Amino acid sequence: MSNLLEFRDKMDMYDKESLKIFARDLYIGKTSQLKKADLIEKIAENFLSKESLFNRLAILDEASLLLLEKAYGKVIEVKPDEPVFDMACTLNEMELAYFDEDHYFSTLTDVWEIYTKEIAGEEFNKYRARAAWVWMCLRWAETMYAYTPVDVFLKVVNKKKEMHMDAEELDVIYRRIPDDLLKSVKIENVLIERLFIGHMDSLDRLRRAQADKDFYIPTPAEVEELFFTGALLSHKVYKDMLAFLVKDMKMERDDAIDLLYELWDRISWQDDNPHDTMQWFWDQFEFANDQQVNKIVSLYMPLTNGTNMLINRGYAPSDMPRPVLKPGQMPTIIPGSSHAAKMLAEAAPHIREMGFGVDVDGESVEMPVMNMPMGMNGPFEKTTKKVYPNDPCPCGSGKKFKKCCGRN
Numbered sequence: 007m008s009n010l011l012e013f014r015d016k017m018d019m020y021d022k023e024s025l026k027i028f029a030r031d032l033y034i035g036k037t038s039q040l041k042k043a044d045l046i047e048k049i050a051e052n053f054l055s056k057e058s059l060f061n062r063l064a065i066l067d068e069a070s071l072l073l074l075e076k077a078y079g080k081v082i083e084v085k086p087d088e089p090v091f092d093m094a095c096t097l098n099e100m101e102l103a104y105f106d107e108d109h110y111f112s113t114l115t116d117v118w119e120i121y122t123k124e125i126a127g128e129e130f131n132k133y134r135a136r137a138a139w140v141w142m143c144l145r146w147a148e149t150m151y152a153y154t155p156v157d158v159f160l161k162v163v164n165k166k167k168e169m170h171m172d173a174e175e176l177d178v179i180y181r182r183i184p185d186d187l188l189k190s191v192k193i194e195n196v197l198i199e200r201l202f203i204g205h206m207d208s209l210d211r212l213r214r215a216q217a218d219k220d221f222y223i224p225t226p227a228e229v230e231e232l233f234f235t236g237a238l239l240s241h242k243v244y245k246d247m248l249a250f251l252v253k254d255m256k257m258e259r260d261d262a263i264d265l266l267y268e269l270w271d272r273i274s275w276q277d278d279n280p281h282d283t284m285q286w287f288w289d290q291f292e293f294a295n296d297q298q299v300n301k302i303v304s305l306y307m308p309l310t311n312g313t314n315m316l317i318n319r320g321y322a323p324s325d326m327p328r329p330v331l332k333p334g335q336m337p338t339i340i341p342g343s344s345h346a347a348k349m350l351a352e353a354a355p356h357i358r359e360m361g362f363g364v365d366v367d368g369e370s371v372e373m374p375v376m377n378m379p380m381g382m383n384g385p386f387e388k389t390t391k392k393v394y395p396n397d398p399c400p401c402g403s404g405k406k407f408k409k410c411c412g413r414n
C-alpha cells in the first residue's frame with residue numbers, strides 16, 4: 007500500500023451487499039435502491055459525524071490512539087510479531103484505519119482530521135477514560151459470563167476504584183457504544199452474548215450448567231489481560247506449562263504461547279469435552295521418555311483446574327467458593343479419600359437420619375488415566391478414576407493429590 011486513504015476510499019473496496027449490512031448496523035434505512043456511490047455517501051455522512059466518531063473513538067485505550075496518531079499521514083509496517091499487531095487489526099475492523107494483507111497500516115486521513123479538529127480535548131479525554139474501561143469490562147462479561155445481569159456488570163466495572171460509577175452512568179456509556187462493535191444485546195437488565203441470540207437452546211444449556219454459581223469478579227489486571235490477549239496466561243499454572251514446553255519439549259517460545267492460547271480457549275469455553283481437549287493437547291507432542299509424560303500430566307491437571315471457565319461464571323474450578331451455611335443448617339459431610347468415601351457411603355442412611363448431609367463425591371475429581379500399551383509413541387488409552395484430596399496422586403509423584411495435581 008502506497009497511497010493514503012480516506013473513509014470513502016476504504017468503503018469503495020467493499021461490495022454493495024457488505025455495505026448494506028454495515029448501513030443496517032449503523033441504523034441507516036432505505037438503502038435497497040441506492041447505487042453504490044450513494045450508499046457510500048450515506049454511510050460516510052453517518053460514520054463521520056462528530057457524535058458518531060466521538061463514540062467510536064471514545065472506547066479506545068491510550069495505546070490505540072497513539073497508533074492512530076503515529077500512522078496519520080504516513081504508511082507504517084506492522085509485523086505479526088509486534089505487540090501492536092492485534093491492535094492494528096482491531097482498528098482496521100473498526101473502520102478507523104486501513105491494514106492490508108502485506109501488513110502496511112495507515113490511519114484514514116479524514117477520520118484523524120475530524121478527531122483533531124472537532125473531538126480531541128478535555129471533555130473527550132475524561133469521557134474516554136471511563137468509556138474505554140467499560141469497553142474492556144464488557145469483553146470480560148461477554149467472554150466469561152455470556153448472560154450478565156447489569157448489577158453484576160457494574161460490580162466488574164467498579165472493581166477499579168478510580169472508575170467507580172453508578173448504574174445510570176454505566177447505562178449511558180453502554181448505549182453510546184456503536185452497535186456494530188457490540189457483541190452483546192441488552193434485554194431489560196441483562197446483557198446476552200450475541201452468539202446465543204437465535205440459539206436460545208444453547209443459552210438454556212449454558213444457564214443450566216452455570217446454575218446458581220456465583221459470578222467471579224475479576225481484578226482490573228485480569229480484565230485488561232483478557233481484553234488485550236484473549237486469555238489469562240499470566241497465571242502461574244500457565245507459566246509453569248510454558249516453561250516446560252520451552253525447556254523440556256524444546257518448543258519455540260512463540261509456538262508454545264500460541265498453543266497455550268488455543269488450549270485456554272478449549273478449556274475456558276469447553277468447545278470439546280475435557281477428554282477430547284486433553285487428547286488434542288497430547289497429540290501435539292512426541293514424548294521422548296516417561297519423565298516427560300509424567301511431568302506434563304503433573305502440570306496439565308493444575309492448569310485445567312486453574313483456568314477461568316464460562317460454565318463457572320468466570321471462576322477457575324480450584325477457586326470456586328464453598329457454600330455458606332444458613333443459621334441452623336446442618337453441615338454436609340464430605341470424604342477426603344477413596345477409603346473414607348467407601349465407609350461414608352455405607353453409613354450414609356444413618357448419618358442422614360441425624361440431620362447431616364452426605365456428599366460422597368463432593369471433593370472428588372474425575373481424573374483421566376492415560377495408558378500407553380503400545381509404547382511411548384503409540385496411542386493412548388483413556389479411562390477415568392475418582393480421586394479424592396488425600397488419595398495418592400495419579401501422576402505417580404508419591405504425594406497426596408491435594409498437594410500435587412489437585413493443588414489450588
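Numbering (my numbering), first residue to last: 7 to 414. For glycine and all other residues, C-beta sits at the position ideal for the given N, C-alpha and C. From a predicted model like this one, the values you see are computed outputs, not experimental measurements.
Backbone secondary structure at residue i - three-state DSSP
i: Y180; result: helix
i: E369; result: coil
i: V393; result: strand
i: P355; result: helix
i: R136; result: helix
i: H205; result: coil
i: A347; result: helix
i: A69; result: helix
i: C95; result: helix
i: H281; result: helix
i: N295; result: coil
i: I46; result: helix
i: L265; result: helix
i: K36; result: coil
i: C411; result: coil
i: D185; result: helix
i: K165; result: coil
Option nearest residue i by Cα separation, candidates the options
i: D177; options: E194, E168 and K123; result: E194
i: A217; options: Y153, H170 and D157; result: Y153
i: Y306; options: Q39, A29, A249 and E12; result: A249
i: V90; options: M326, L73 and D296; result: L73
i: K245; options: V84, R259, G320 and I46; result: R259
i: L309; options: A173, F287 and S343; result: F287
i: D18; options: A43, L188, L114 and N311; result: A43
i: D67; options: L266, V191, F130 and V243; result: F130
i: L32; options: F291, I263 and L187; result: L187
i: D116; options: A347, R134, T283 and E75; result: E75
i: W146; options: L209, L238 and E88; result: L238
i: S324; options: H345, K408, H109 and L265; result: K408
i: E168; options: R136, W275 and D367; result: R136
i: R62; options: L102, K80, A29 and K242; result: L102
i: L316; options: L45, Y133, R211 and K16; result: R211
i: E372; options: C411, D185, L40 and D264; result: C411
i: F293; options: D92, L40, L251 and C401; result: L251
8 Å contact criterion, which residue i and residue j should meet: CB distance rounded
i: A69; j: R14; result: In fact, because the Cβ distance is near 27 Å, the residues do not count as touching under 8 Å.
i: L197; j: V156; result: 7 Å
i: N314; j: Y222; result: 7 Å
i: S208; j: E148; result: At roughly 15 Å, the Cβ-Cβ gap does not stay under 8 Å, so S208 and E148 are not in contact.
Buried versus exposed call for residue i [16 or more other C-beta atoms within 10 Å across all chains shown]
i: D397; result: buried
i: N279; result: exposed
i: L201; result: exposed
i: N318; result: buried
i: I340; result: buried
i: N295; result: exposed
i: S38; result: exposed
i: G320; result: buried
i: M206; result: exposed
i: T113; result: buried
i: I65; result: buried
i: R181; result: exposed
i: E57; result: exposed
i: A179; result: Ala is not the amino acid found at residue 179; the sequence shown has Ile there. Buried.
i: H170; result: exposed
i: R214; result: exposed
i: T225; result: exposed
i: G312; result: buried
Opposing strand residues paired with residue i [DSSP bridges]
i: P155; result: V196
i: S112; result: Y104
i: I82; result: F111
i: K406; result: P398
i: V191; result: I198
Any non-hydrogen atom of the ligand HEM closer than 7 Å to residue i Cβ
i: C399; result: In the structure shown, the ligand HEM is absent, as is every other ligand, since no ligand is present at all.
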